[in-house]
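Enquirer: FYI, in my numbering the residues of the sequence shown are -17 to 317.
Virtual Cβ for every residue (Gly too), placed ideally from N, Cα, C.
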Amino acid sequence: MVQHSILVVGCGSIGERHLRCFQQTGRATMMASDTNPALLERLGQTYHVATFTDWEQAIVEQHPAAVVISTPAPWHVPIALAALRSGCHLLIEKPLSHSLTGIDELLELCAQSSQQASVAYVYHVYPVLAAARAFLRQVEFGPIQQVTVTTGQPFYRLRHGYASTYYRDRQTGGGAIQDALTHSVNWVESVIGPADSVLGDCAHLVVPEVEVEDTVHVSARHGSVLASYCLNQFQLPNETTIQFNAARGSVRVELHTHRWGFFREHDTTWTWHDFPPLDRDAPFIAQATAFLDQLDGQPTRLCTIAAAADSLRFNLAALASAVAGARVECRTVHA
Ligand SMILES: NC(=O)c1ccc[n+]([C@@H]2O[C@H](COP(=O)([O-])OP(=O)(O)OC[C@H]3O[C@@H](n4cnc5c(N)ncnc54)[C@H](O)[C@@H]3O)[C@@H](O)[C@H]2O)c1
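(1) Assign residue 19 to buried or exposed, taking buried as 16 or more other Cβ atoms, counted over all protein chains shown, within 10 Å of its Cβ.
(2) From this set, 32, 125, 293, which residue's C-alpha is nearest residue 229's C-alpha?
(3) Cβ of residue 301 versus every heavy atom of ligand 1: is any distance shorter than 7 Å?
(4) If you measure from each residue's Cβ to the nearest non-hydrogen atom of ligand 1, which ones come out under 6 Å, in chain order?
(5) Going by beta carbon distance, what residues of the same chain come within less than 7 Å of residue 304, once the five residues before and after it are set aside?
(6) From the DSSP output, in three-state form, read off residue 264 for me.
(7) Should residue 244 and residue 109 be called a contact, given that it needs their Cβ atoms to be closer than 8 Å?
(8) Would you list the one or two residues that DSSP bridges to residue 224?
(9) Opposite residue 250 in the DSSP bridges: which residues?
(10) Evaluate the contact criterion for the stretch 39 to 59 versus the stretch 70 to 79: three or more CB pairs, one atom per stretch, below 8 Å.
(11) What ranges does the beta strand (DSSP E) occupy inside the stretch 168 to 198, keeping only unbroken runs of at least 3 residues that lie completely in it?
(12) DSSP state of residue 298, grouped into three classes?
(13) Take the Cβ of residue 276 as the centre, count every other Cβ of all protein chains shown within 10 Å, and call the residue buried at 16 or more, exposed below.
(14) Out of 148, 66, -1, state which residue places its alpha-carbon closest to the alpha-carbon of residue 268.
(15) Just the Cα atoms here: how many angstroms apart are residue 95 and residue -3?
(16) Where does residue -2 fall in DSSP's three states?
(17) Can you tell me which of 165, 3, 142, 311 puts its alpha carbon nearest to the alpha carbon of residue 290?
(18) Helix, strand or coil for residue 256? Go by DSSP, reduced to three states.
(19) Kindly indicate the opening and closing residues of the alpha helix (DSSP H) around residue 117.
(20) Should residue 48 and residue -12 be called a contact, given that it needs their Cβ atoms to be closer than 8 Å?
(21) Three-state secondary structure (DSSP) at residue 245?
(22) Taking the alpha-carbon positions, what's the residue 118 to residue 136 distance?
(23) If contacts are defined as beta-carbon pairs under 8 Å, then residue 100 and residue 282 qualify, I think. What distance do you get, rounded to the angstrom?
(24) Please go through the stretch 1 to 58 and give each complete alpha helix (DSSP H) segment of 4 or more residues, from N-terminal end onward.
(25) Pick helix, strand or coil for residue 211, following the three-state DSSP scheme.
(26) Check this for me: beta carbons of residue 293 and residue 167, under 8 Å apart or not?
(27) So what's residue 314 in DSSP terms, helix, strand or just coil?
(28) One question on the structure: do residue 35 and residue 25 come within less than 8 Å of each other, judged by their Cβ atoms?
(29) So, with DSSP's three-state summary, where would you put residue 92?
(30) Within 10 angstroms of its Cβ, does residue 14 collect 16 or more other Cβ (buried), or is it exposed?
Structural data, given as structure tokens:
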């Protein structure tokens, strides 16, 4: 089996998970880079990996086959451009960025190079979501006309130290729109295509110690499909329900009950497909496996840079719309 050398840049909460989950595939030799030397020392001892405080030096001197970028969002594109120019494959954390600066250059460089580049929107490897999407692609019920997403969790009770991370500031990729809603938006876009325009509202209602929005309502148009996204980061039940409605049937995914179902014309109840619950690392091991498969020449199962750029435009349009109190076209958003 080919062993791939992989450098994780940014080894905080999710970066450490990537380090551990890639290691668990048995197909990667890991290295870690972070600006925090104390963190690196702990990671070096825990995972027995080489560590570097300077990611640029690590790329130049170690020539990793791939770089996993899990710093806060403002660093994603600069590190991605440098790593691509050094010949590395890329797995970039979501959101792709907090602004459009450098995005066209990144898309161009990816198109010109033979390197693999994906974005770690982890919903792409959830078996229950993959099964629902495969079913939806059969368009058995006629075209999808409407989508509703209702999602919430007590984020601040689950994410230790959130108030001192990137989350506290939109300029570092924080707030509910860029940090949380983007997962659902990106996955819905993988089913019905990118949004053209959004009308958004948001507020900071509950999450302590920060002022960024923790509650979001967005009404979007993806072509002729009307979609409604409703999220908060304080409700106690950790629940996500996504429903697709067509004239002759509906498909619903309930992430919290690990099932998807359909309701056809003449049905009187839902038909459910149940999946086993996933432990916290399982999707990230599946994501690492998918990325390594991609490096071994298999087709990608992960989010592309172009699709992540669409989801970035959604984020920026939703934020701009909430400020302006008006509908914003995703293609014309500036930031
Ligand atoms: N896919 C998911 O489920 C998921 C979950 C959490 C976070 N994320 C995303 O991952 C990214 C990081 O989130 P986190 O929760 O791990 O944040 P974090 O604050 O816990 O960790 C970020 C780390 O990056 C390091 N860092 C910052 N600038 C750096 C630089 N220039 N070079 C090297 N290291 C640098 C910091 O020292 C820190 O250790 C964000 O974009 C976030 O949205 C994704």
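Expert: From the atom records:
(1) Working through the sequence shown from its first residue, we reach residue 19 at position 37. By the 10 Å Cβ count, residue 19 comes out exposed.
(2) As a position in the sequence shown, residue 229 is number 247, starting the count at 1. Of the listed residues, the one whose Cα sits closest to residue 229 is 125.
(3) Sequence index remark: in the sequence shown, residue 301 carries index 319 (1-based). No; taking the cut-off as 7 Å, the Cβ of residue 301 has no heavy atom of ligand 1 nearer than that.
(4) Qualifying residues, in the order they occur: -9, -8, -7, -6, -5, -4, -3, 15, 16, 17, 18, 21, 37, 52, 53, 54, 55, 57, 75, 76, 102, 104, 147, 148, 155, 161.
(5) The residue given as residue 304 occupies position 322 in the sequence shown. Same-chain partners within the cutoff: 182, 183, 184.
(6) The residue given as residue 264 occupies position 282 in the sequence shown. Three-state DSSP puts residue 264 in a helix.
(7) Reading the sequence shown from its first residue, position 262 is the one you call residue 244. Reading the sequence shown from its first residue, position 127 is the one you call residue 109. Contact flag unset, no.
(8) Translated into the one-based positions of the sequence shown, residue 224 becomes position 242. According to DSSP, residue 224 bridges with 131, 235.
(9) By one-based count along the sequence shown, residue 250 stands at place 268. Beta-bridge pairing links residue 250 to no other residue.
(10) Contact between the stretch 39 to 59 and the stretch 70 to 79 is present: three or more C-beta pairs spanning the two stretches fall below 8 Å.
(11) Runs found: 179 to 185.
(12) Translated into positions along the sequence shown, residue 298 becomes position 316. Note: residue 298 maps to helix in three-state DSSP.
(13) Here the question's residue 276 lines up with position 294 in the sequence shown. Buried, by the Cβ-count rule.
(14) Here residue 268 refers to the residue found at position 286 of the sequence shown. Comparing C-alpha distances from residue 268 to each of 148, 66, -1 shows the shortest one belongs to -1.
(15) The residue labelled residue 95 in the question sits at position 113 within the sequence shown. The residue labelled residue -3 in the question sits at position 15 within the sequence shown. Going by C-alpha positions, residue 95 is about 25 Å away from residue -3.
(16) Here residue -2 is taken as the residue at index 16 of the sequence shown, counted from 1. Three-state result, residue -2: helix.
(17) To locate residue 290, count along the sequence shown from 1; it is residue 308. Nearest to residue 290 by alpha-carbon distance, out of 165, 3, 142, 311, is 165.
(18) In the sequence shown, residue 256 corresponds to position 274, counting from 1. Secondary structure at residue 256: strand, using DSSP grouped into helix, strand and coil.
(19) As a working note, residue 117 is residue 135 in the sequence shown. Residue 117 -> alpha helix (DSSP H) spans 109 to 118.
(20) Locating residue 48 in the sequence shown gives position 66, counting from the first residue. Locating residue -12 in the sequence shown gives position 6, counting from the first residue. Here residue 48 is near residue -12, since their CB atoms are less than 8 Å apart.
(21) If you number the sequence shown from 1, residue 245 lands on position 263. The answer is strand: DSSP assigns residue 245 an E or B state.
(22) If you number the sequence shown from 1, residue 118 lands on position 136. If you number the sequence shown from 1, residue 136 lands on position 154. Taking the straight line joining both Cα atoms gives about 30 Å.
(23) Translated into positions along the sequence shown, residue 100 becomes position 118. Translated into positions along the sequence shown, residue 282 becomes position 300. Correct: roughly 6 Å between the Cβ atoms.
(24) Taken in chain order, the unbroken stretches of alpha helix (DSSP H) that lie wholly in the stretch 1 to 58 and span 4 residues or more are 19 to 29, 37 to 44.
(25) Counting from one through the sequence shown, the residue named residue 211 turns up at place 229. Of the three classes helix, strand and coil, the one that applies to residue 211 here is strand, per DSSP.
(26) Counting from 1 along the sequence shown, the entry for residue 293 is found at position 311. Counting from 1 along the sequence shown, the entry for residue 167 is found at position 185. Yes, these two residues count as a Cβ contact at 8 Å.
(27) The count along the sequence shown starts at 1 and reaches residue 314 at position 332. Coil, per DSSP.
(28) Locating residue 35 in the sequence shown gives position 53, counting from the first residue. Locating residue 25 in the sequence shown gives position 43, counting from the first residue. Between residue 35 and residue 25, the gap from beta carbon to beta carbon reaches 8 Å or more.
(29) Start at 1 with the first residue of the sequence shown, and residue 92 comes out as number 110. For residue 92, the secondary structure class from DSSP, reduced to helix, strand or coil, is helix.
(30) Position 32 of the sequence shown, counted from the start, is the residue given in the question as residue 14. Answer is buried; the Cβ neighbour count reaches 16.
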